[in-house]
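Asks:
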Amino acid sequence: MRSIMADVLAAQGATTRAALHALGHPYRSIRAEVASGRLVAIGRWWVVTPDANPAIGAALRSGGVLGGASALRSYGVWVTELRVVQIATRPHSSPPNVLEGERIWSDFTVDDKLWRVSLVDALAQHARRVERDDAIASIDSALHKGLLGEDGLDRLFGMLPLRCRPWRRELDASAESGLESLLRVPCRDRGWRVETQMPAPGGGRGDLLIDGWLWVETDGDEWHDNEKQAAKDRRRGTAITAAGGRWLRFGYADVMHERPRTMSVIELVMAQGRPAPVRLAG
């Protein structure tokens, strides 16, 4: 039998005494781990490792479990913004007066990690609280990571209001980051044909291809400014121009904090129309 600590770590640092007992660990042994400081008790039921995700402890001390955007983050799913811990609490429960975040009153099922709601519940809780584009970006992320299938989508949209049903047509499991989704959706709203992760002139794949000629790249936390990447960018830009296309690259801040301005730039280039192909010397 594995040690108590190994089983707690397998649960990502938090579980219940009952769950450990069900694995064959005597309650007296669990109490001994708490007394030694190797585990920290939260209430009567929960134990966590001292270095467990602080959000988990906040949710448990508040009488709930991780929900909404906080649960999605724990699954590795994209969340556009998360200001405070979101704590899922069942409607007829009596949580303590302690509240270390934002409470979501909701019925839910828990994941096999008992300290968070199921992925579908987390997506449903999140989608009710954010704008459409942000919700689609999170669902795209869950699809892309292989965490959500068609059955899960059926359950999810069965839980959401009718107004959300059209979102399903906007989903794209090929989106490799939330930044792509946050630009793809408004581009399609404008009636443009948007293809994702297409082979690009000059090598590699482009994040978004609009109307067959405007390539849009989205970068993560910072611009690709090392010389190797810059050389690849120049080759790609040259190849796209020669093929009669245009190329735009936007960084994290452009999408997250300046999205209206970024969309205005894309609109301006689209209004100029597709340039003619050029023949390069040599």
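Take 424 as the starting number for the sequence shown in this note's numbering and just add one per residue. Glycine included, every Cβ here is placed at the ideal spot set by N, Cα and C.
(1) Could you pull out every residue in the same chain whose Cβ sits closer than 8 Å to the Cβ of residue 514, ignoring the five residues on either side in sequence?
(2) Taking the alpha-carbon positions, what's the residue 532 to residue 689 distance?
(3) Just to confirm before moving on: does the CB-CB distance between residue 437 and residue 475 stay below 7 Å?
(4) I need the straight-line Cα distance from residue 539 to residue 488, nearest angstrom please.
(5) Considering only the alpha carbon of each residue, which of 568, 625, 692 lies closest to residue 501?
(6) Sort 664, 583, 656 by Cα distance to residue 672 and report the nearest one.
(7) DSSP state of residue 474, grouped into three classes?
(8) Alpha carbon to alpha carbon, how far is residue 472 from residue 454?
(9) Below 8 Å on the Cβ atoms is my contact criterion, and I expect residue 709 with residue 608 to pass it. Report the Cβ-Cβ distance as a whole number of Å.
(10) What are the uninterrupted segments assigned as alpha helix (DSSP H) that are 4 or more residues long and contained completely in the region 509-537, given in chain order?
(11) Report all residues from its chain with a CB closer than 7 Å to the CB of residue 446; omit the five preceding and five following residues, and keep chain order.
(12) Cα separation between residue 578 and residue 592?
(13) Along the chain, where does the alpha helix (DSSP H) that runs through residue 582 open and close?
(14) Can you check which of these residues, 613, 580, 596, is closest to residue 589 by C-alpha distance?
(15) Specify, as a first and last residue, the run of the beta strand (DSSP E) that residue 617 falls within.
(16) Go ahead and pull the three-state DSSP assignment for residue 638.
(17) Residue 666 and residue 388 - do their beta-carbons sit closer together than 7 Å?
(18) Provide the residue(s) that pair with residue 464 in DSSP beta bridges, ordered along the chain.
Replies: Reading from the atomic positions:
(1) Result list for residue 514: 528, 529, 530, in chain order.
(2) When rounded, the separation of the alpha-carbon atoms in residue 532 and residue 689 is 42 Å.
(3) Against a cut-off of 7 Å, the Cβ pair of residue 475 and residue 437 comes out as a contact.
(4) One Cα belongs to residue 539, the other to residue 488, and the distance between them is close to 5 Å.
(5) Proximity to residue 501 across 568, 625, 692 peaks at 568, based on C-alpha coordinates.
(6) Taking residue 672 as reference, the option from 664, 583, 656 with the minimal CA-CA separation is 656.
(7) Here residue 474 sits in coil by DSSP.
(8) Approximately 13 Å between the Cα atoms of the pair.
(9) This structure gives no information on residue 709, because the portion of the chain shown stretches from 424 to 705.
(10) Secondary structure in the region 509-537: no alpha helix (DSSP H) run of 4 residues or longer lies completely within the stretch.
(11) Here residue 446 has 430 as same chain residues with Cβ atoms under 7 Å from its own Cβ, once five neighbours each way along the sequence are excluded.
(12) Roughly 16 Å separates the two Cα atoms.
(13) Here the alpha helix (DSSP H) through residue 582 covers 573-582.
(14) The residue with the shortest Cα to Cα distance from residue 589 is 580.
(15) Annotation: the continuous beta strand (DSSP E) that includes residue 617 extends over 617-622.
(16) Residue 638 carries a strand assignment under DSSP once its states are collapsed to helix, strand and coil.
(17) Look at the range of the chain in this structure, 424 to 705, and you will see that residue 388 is not part of it.
(18) Per DSSP, 470.
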